[in-house]
Amino acid sequence: MKKMTIRKRELIYGLLFISPVSLYESASLDGAGFFSQTLFVTIPLLRSTILYNVVTLIINVFQWFAEPYIMTNGGPDNSTMFYSLYLYQNAFSYFKMGYASAMAWILLLIALGIILVLFKVFRFGESDY
């Protein structure tokens, strides 16, 4: 729950830096309503903040380990066995360090691939102006 409040706070912090009144004024002169201004002016200006929040959320999801480990340690019939917990068990319970290391590299490549796709979707590094 605490992570979500931080995300909301960062998004609101990103809204503070949207001050080009001329963009909203020109959009309203062109006949754009509130929805169009939000969709075509506000969201593109928040693109970097949204990208940061999505990337950190994805990294946190891939690192989700403590809650299932403490509460169930994989659960009955491995029902709460996440990838990171499976990696931990292979490394430190079964002492398969090479296999766990390969799993960690695969996890890194999957996360890197998803983040690169997000950078492409959000057009990271490109300007709208």
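If you want the working numbering, it's the 1-based position in the sequence shown plus 63. All C-beta atoms, glycine included, are put in the ideal place defined by N, C-alpha and C. Small disclaimer: the values here were computed from a predicted structure and weren't measured.
Nonlocal neighbours in the same chain, by C-beta distance under 6 angstroms from residue i, ignoring five residues either side
i	result
Leu-86	Val-104
Phe-185	Arg-110, Leu-114
Ser-91	none
Own chain, CB closer than 8 angstroms to residue i, minus 5 neighbours either side, in chain order
i	result
Tyr-132	Leu-148, Tyr-151
Ala-174	Ile-121, Ile-122, Phe-125
Met-134	Thr-143
Trp-127	Phe-145, Ser-147
Start-to-end residues for the alpha helix (DSSP H) that takes in residue i
i	result
Ala-174	160 to 184
Ser-142	Note, Ser-142: premise wrong, no alpha helix (DSSP H); not H, not E.
Ser-91	84 to 92
Leu-120	110 to 125
Phe-98	97 to 100
Tyr-157	Per DSSP, Tyr-157 belongs to no alpha helix (DSSP H) and is neither H nor E.
Glu-130	129 to 134
Own chain residues within Cβ distance below 7 angstroms of residue i, not counting five before or after
i	result
Tyr-146	Leu-170
Pro-139	none
| query | Touching or not, the region 108 to 119 and the region 175 to 189, by the rule of three or more beta carbon pairs under 8 angstroms? | reply | yes
| query | Can we say the region 157 to 165 touches the region 90 to 102, given the rule of at least three CB pairs closer than 8 angstroms? | reply | no
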